[in-house]
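K.L.:
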Amino acid sequence: MGQPSQGKAIATMRSLVESCLESHSISHQDYLTLSCMMLSGKGLSMEDYQTINSVFDRIQIGRIRVVYR
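Mind the numbering: the sequence shown is residues 1 to 69 in UniProt numbering, read in order.
1. Along the chain, where does the alpha helix (DSSP H) that runs through R58 open and close?
2. Of the residues K8, S23, G7, which one's Cα is nearest the Cα of R63?
3. Could you tell me which residues DSSP pairs with R65 in its beta bridges?
4. Tell me the rounded alpha-carbon separation between M1 and G43.
5. By alpha-carbon positions, which one of R14, D57, R58 ends up nearest to T33?
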């Protein structure tokens, strides 16, 4: 099928980030999803980059943990 629209991808990214910040954890799959979004850069604003980067920063300092399920 077709690829999701940019708006849907942005909404997904924001939902993932919100969930991570609330639970202080992220699944490995969600981590990969955010990484791919960041690397592809399609449709991301500077604010979106900063939002995803804040999750990666928190992972690095131990405030969010990556959970392998």
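Yeah, the Cβ is synthetic: ideal placement off N, Cα and C, and Gly gets one too.
P.N.:
So, from the listed chains and residues:
1. Note, R58: alpha helix (DSSP H), 46-61.
2. Comparing Cα positions, the closest option is S23.
3. Beta-bridge partners assigned by DSSP to R65: S25.
4. Here M1 scores only 41 on pLDDT, less than 50, and its place in the model is too uncertain to base an answer on.
5. It is R14.
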